[in-house]
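Everything on this sheet refers to the single structure shown next.
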Amino acid sequence: MCGLIGTIGFKDDSKLNLKTLSHRGPDSMGKWNSLDNEFPVALGHTRLAILDLTAAGNQPLLTEDNRFVFVYNGEIYNFIELRSELESLGHVFKTKTDTEVFLKGLILEGPSFQLRCNGMWSFCLWDRKKKTALFGRDRFGKKPLFYSLIGNNKLVFASEMKGIYPFLNSIQPSEKINIYLQKSFCYESSEDCVIAGIKRLRPGHYAIYKNGKFESQRWWNTLDHLEDVPNNYQEQVERWREIFLDAVKIRMRSDVRIGTALSGGLDSSAILSAMNYLSNQKGSQTRETQDWQHSFCAHYPGSSLDETKWARILTNAVNVPLQEVTIDPLNSGWSINEALYQVEDPNLTLPLPMLATYRAISNSGIKVTLDGHGADELFIGYDDLKFAFKSSNAKETAELVSIVKSLESGQYRHNTRNLKINFFKIRFIEFLKSHLRKPKGYLMALLGKRDWEFVRYKLEYADQSHPQFKKLDPLSQYLYELFHITVLPTLVRNYDRYSMASGVEIRMPFMDHRLVTYTFSLPWTSKIGGTYTKRIMRDALKGILPEPIRTRRDKIGWNAPFHEWFRGSLKSEIEELIATDVLSQKVKKAWQQFHKKTNPNYDDGQIIWTALMPELWKKALFVGKHK
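Structure, rendered in structure tokens:
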């Protein structure tokens, strides 16, 4: 895991500052210059050494004939198998890295080689002979790549936008910034960014830069890779378990220690339990580390949002030490201003707990974690169900009725943590039961104009016209949107920044493309049923995951007690900002109303953060100091 930065067409590359990305790769820095006055190129790399810890793994990496120069951020988990194939064709390797495998494969097969890779990545491959750059990004956008076209025949790119800031005439928000602030999940899967003049290479795309033109093309669409699945549910379970365990196994390939960031929930617990299960199996070892027994959990003493109880149940069951990271927002190592500058984009949640947790992981000597991101979007793990039923109409009545019955019979009756949300779910279920044969006007009436407009905005994406998308059941269509378009791309972006701020790489087994395509090929009845969400996952992990967690119905997730901090430890910091007139009167009024409440809850804290965040974010970028 690393940081990339580079320029094409700039005779003066003094603004190319590797230190802006040093947090992504603290182990080494490297830079290559073309020394071509007519067509100058500079490529920079900051390295987080995971595979082949020697200097041989440093980048930029040049081919033996010096024609190609390569900078790459990510991991190719099946690099051992790919290397063996390339060696059978006569290729010789000088390192033990996945970088060299990726480089040789791209030269041999071009962008299509990405289809054979299992992993996460962004890269730039410069062809000195053709004066052409090839860029690529992994299927689901786990690794970032930003770029900016400046003047005539000039390009700058970087793993984070802050690497591009020095090349801009000014740092200004996008003209669409108000839309992005109101609908934070609406843009991460597009090329649009919150900063004017900067674009991102979209997930699952590659691009060729030649003669001043940056032309991208999509190389991956999950819908093109859906497969036939067994009709028998037990066979589905067995196949899902097989894929999942292999996804975890190949992500244990590392020359450094690895760990797990636990939320206390089902998903992260599944990862740690799978590592424990695999370590007890006999079989050949292919570079999997044996030093994986390191777990971490954010700890909020005395808070209802504290999940360490469940993390302890898990770690005691699998006999793995647990480090409880007590989160003190005043001593997290980050101010709110610094945190928002680091994460770059508007953040729907206060990033301090996540930044502090991964800082603690790094300070413990751990460079890699296997975390549970992606499962909620594969199996409807979220509380809010209203958008899941956006497609309700007469043709789908029977299926939707069955979904409703499955949901109302299980977890949602028992989850009383948030009465407000729970009441809405009950009300919505009753509405569906009464009005499934009515037109969408009823949905609009229930949701309200604002939410309905949000739904309409979210639904505008190209994959809706794909023949395979139309074959998905309504629930799977909703999950497809969460996974590919809205929620997950945003979360993946955030966790890249949270972890890489301290030089920690997150690997995500649930986002293995084999598991994703298989899960989206399954009927909705395999995803929810038997009074549970995440049905097939729970059944597949029987005997692997401790029963109290496997059968757990409530869900908290990795949330922070904003409502407590805003009345306690963070109160003075926010009020200091308010006193400086940085914040608008609207925000000041919201703050005053929050403090008038006798007993504010988590939702109240979320509301006040949503009000504060846009202006605090703007302050961090445009008023605060740039590093």
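For the sequence shown, the working numbering gives the first residue as 2, with consecutive numbering after it.
By construction, the Cβ of each residue, glycine as well, lies at the ideal position given by its N, Cα and C atoms.
{"query": "Same chain, Cβ closer than 6 Å to M2, neighbours up to 5 away in sequence not counted", "result": "L49 and E506"}
{"query": "Residue interval of the alpha helix (DSSP H) (run including A630)", "result": "Past the boundaries of the shown model lies residue 630; the chain is included only from 2 to 628, so the question cannot be answered."}
{"query": "Residues near M276 by beta carbon distance below 8 Å, same chain, minus five either side", "result": "V249, M253, T261, W293 and L371"}
{"query": "Host beta strand (DSSP E) of V93 (start-end)", "result": "Neither: V93 is in no beta strand (DSSP E) and is coded neither H nor E."}
{"query": "Distance, G10 Cα to N212 Cα", "result": "10 Å"}
{"query": "Nearest-angstrom beta carbon gap, G26 and T8 [assumed within contact, 8 Å]", "result": "With a Cβ gap of about 18 Å, T8 and G26 do not count as contacting."}
{"query": "Simplified DSSP assignment, three categories, for I251", "result": "helix"}
{"query": "Endpoints, beta strand (DSSP E) assigned at R288", "result": "Premise fails: R288 is in no beta strand (DSSP E) and is neither H nor E."}
{"query": "With 16 other Cβ atoms within 10 Å as the buried cut-off, status of P562", "result": "buried"}
{"query": "Boundaries (first-last residue) of the beta strand (DSSP E) holding W122", "result": "G120 to D128"}
{"query": "Own chain residues within Cβ distance below 6 Å of W311, not counting five before or after", "result": "G265"}
{"query": "Element boundaries [beta strand (DSSP E), containing Q218]", "result": "K214 to R219"}
{"query": "Counted within 10 angstroms of its Cβ, other Cβ atoms place K12 as buried (16 or more) or exposed", "result": "exposed"}
{"query": "Supposed contact pair S190 and G490 - C-beta distance, whole angstroms, cut 8 Å", "result": "For clarity, residue 490 is Pro in the given sequence; the question names Gly instead. Indeed, because the Cβ distance is near 5 Å, the residues count as touching under 8 Å."}
{"query": "Q343: first and last residue of the uninterrupted beta strand (DSSP E) it sits in", "result": "Where Q343 is concerned, there is no enclosing beta strand (DSSP E), although the alpha helix (DSSP H) it sits in stretches over I337 to V344."}
{"query": "Span of the alpha helix (DSSP H), counted from its first residue to its last, around T316", "result": "T309 to V319"}
{"query": "Per-residue burial, V93 [other beta carbons within 10 Å of its own, 16 or more giving buried]", "result": "exposed"}
{"query": "Counterpart residues of M30 in DSSP-defined beta bridges", "result": "T47"}
{"query": "L263 (DSSP reduced to helix, strand or coil)", "result": "strand"}
{"query": "Sequence-distant residues of the same chain with beta carbon closer than 7 Å to F455, five excluded per side", "result": "Confidence is the limiting factor: at F455 the pLDDT is only 42, short of 50, which leaves the residue's position unreliable and the question unanswerable from this model."}
{"query": "Straight-line gap, D256 to S336 (C-alpha atoms, nearest Å)", "result": "33 Å"}
{"query": "Cβ distance (whole Å) where S123 is taken to contact G75 below 8 Å", "result": "6 Å"}
{"query": "Unbroken stretches of the beta strand (DSSP E), 3 residues or longer, contained in the stretch 560 to 619", "result": "none"}
{"query": "Cα-Cα separation, Y629 to T98", "result": "There is simply no residue 629 to check, as the chain begins at 2 and stops at 628 in what is shown."}
{"query": "Simplified DSSP state of R242, which is helix, strand or coil", "result": "helix"}
{"query": "Residue from C194, W221, K155 and G284 with nearest C-alpha to D14", "result": "K155"}
{"query": "Buried versus exposed, by CB contacts within 10 Å (16 or more), E236", "result": "exposed"}
{"query": "Alpha helix (DSSP H) runs contained entirely in the stretch 136 to 192, provided each spans 4 or more residues", "result": "178 to 183"}
{"query": "Buried versus exposed call for P302 [16 or more other C-beta atoms within 10 Å across all chains shown]", "result": "exposed"}
{"query": "Length of the line joining the Cα atoms of L492 and D229", "result": "30 Å"}
{"query": "Closest Cα partner of S585 within the set D605, N560 and E616", "result": "E616"}
{"query": "Nearest-angstrom Cα separation, counted from R494 out to S466", "result": "26 Å"}
{"query": "8 Å Cβ cutoff met for L224 and D464", "result": "yes"}
{"query": "Inter-residue Cα distance where the pair is F168 and T599", "result": "50 Å"}
{"query": "Option nearest G366 by Cα separation, candidates D37, K597 and I51", "result": "I51"}
{"query": "Secondary structure of G75, DSSP reduced to three states", "result": "strand"}
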